[in-house]
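Counting from 1, one number per residue, gives the positions in the sequence shown under UniProt numbering.
Just so it is clear, CB atoms sit at the ideal spot from N, CA and C, and this is done for glycine as well.
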Amino acid sequence: MYCQSRDYWRDTISGWCSLESTPIKLAHDVVVGVHETLGLPWYVTIPLTTFMLRATLTLPLAVYSLHVQSRIMKLQPEIKKLATELQMEVSIAKQRFKWEDRMAKAMFISNLKRHVNELYVRDNCHPMKTKVMPYTQIPLWISLSFALRNMTGIQPFSMKESGVTYPSLGEEGALWFSNLLLPDPLIILPLMMALVNTANTEMMFLRRKSENQSIIDKAFLYGMRIFNVLIIPVGMLMPSCMTYYWLCSSLFSLLQNSWMMTPNARKVLRLPIVGSESNTPFKDIWQNAKTRYSLKSKEKVDK
């Protein structure tokens, strides 16, 4: 019974990761269509397809998320004022109706949430809307990854041939990864991918000073650091076409995030100006990095 259940789930997950899955079939058709239509080698087709899909799908959503974030930032003074007024009202009600501290705190939190949600609805900027970009980018990343893996002739969770092989992947690589069907022999692609991911992660978190970051932000930072290390051995085992795609996708994210931080980008994208935005983002990142990492080094020396 256990073996049958295990085989069932293995076959089910394998089906999700094969061309029977609609998202993976679409990703496969796009990358193959670009290759056959333009007649470009795979080492050009993969980054071209990556940048094309990211520019048409995730970039507009990233811009939309920035607009939502800007509206949320503009609401903060109003929310702060609302919280102060509500706190005074709750304090008066606490004395009048003899509420306990727990009751007063619960009333304050529930009413503040209700009023804040009304503000979000009024300005059409609910925080969940800022998650639309990663909720699109992650399925896209997974779909293209498994599409490329299937094109190498290997099914997920199996060493059997899938019947959808592209031998040209073994001949249309570049430089040291000339055979895209095999793992990178020099491990340069996985290392570069991890380096670019780390640069992107640190850059985004260094935009704000450490005292302005929540516990969730810091936990996410350390989680991403661990992921960036663990992805290296995974990339060492994957066909080069997959790690090459991962590197291209990471490079696009780094370039996109770097550009969107600049004042010129905010003008082009017509983003509203908020008080927390800096005219010198990269200088601020550098200063925050020196402050944060120098403090960590000093703490180690003191210990």
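Between Met224 and Asn257 a beta carbon distance of about 13 Å is seen, past the 8 Å cut, so the two are scored as non-contacting.
With 16 or more neighbouring CB atoms inside 10 Å of its own CB, Ile72 falls in the buried class.
Under the DSSP assignment, Glu85 falls in the alpha helix (DSSP H) whose first and last residues are 59-97. As the crow flies, the alpha-carbon of Gly170 is around 19 Å from that of Thr37. Separation of Glu172 and Tyr245 (C-alpha to C-alpha, rounded to the nearest whole angstrom) is 14 Å. Going by DSSP, His126 is part of no alpha helix (DSSP H) at all; its letter is neither H nor E.
Between Asn228 and the set Thr201, Lys218, Leu251, the nearest pair of CA atoms involves Thr201. From the listed residues Ala106, Val132, Ile24, the smallest Cα separation to Ser65 is found for Val132. The closest CA to that of Pro183, considering only Val121, Thr152, Arg207, is found on Thr152. Looking only at Ser240, Trp99, Glu78, Pro60, the smallest Cα-Cα distance to Leu112 is reached by Glu78. Following the DSSP letters along the chain, one finds Asn279 in no alpha helix (DSSP H), marked with neither H nor E. Bounds of the alpha helix (DSSP H) holding Ser240 are 240-260. Taking the Cα positions, Val90 is about 10 Å away from Thr84. According to the DSSP secondary-structure assignment, Phe177 is paired through a beta bridge with Ala174.
CA-to-CA, the gap between Leu82 and Met128 works out to about 22 Å. When DSSP states are grouped into helix, strand and coil, Arg270 belongs to the coil group. Put simply, of Ala289, Thr22, Leu271 the residue whose alpha carbon is nearest the alpha carbon of Pro139 is Thr22.
The DSSP-derived three-state label of Leu186 is coil. Secondary structure note for Arg149: its alpha helix (DSSP H) is the uninterrupted segment 132-151. Assigned with DSSP and collapsed to three states, Pro41 falls in coil, not helix or strand. DSSP places Tyr166 in the coil class of the three-state scheme, outside both helix and strand.
Under the 8 Å Cβ criterion, the stretch 228-241 counts as touching the stretch 174-181, having at least three qualifying pairs. Remark: C-beta atoms of Leu148 and Ala199 do not approach each other more closely than 8 Å. Contact check for His126 against Tyr135 fails: the beta carbons are separated by 8 Å or more. Pairing Trp99 with His67, the inter-Cα distance amounts to about 41 Å. For the 8 Å CB-CB criterion, Gln69 and Thr130 form a contact. The three-state secondary structure of Ser110, taken from DSSP, is helix. Nearest C-alpha to Phe177 among Tyr43, Val32, Leu230: Tyr43.
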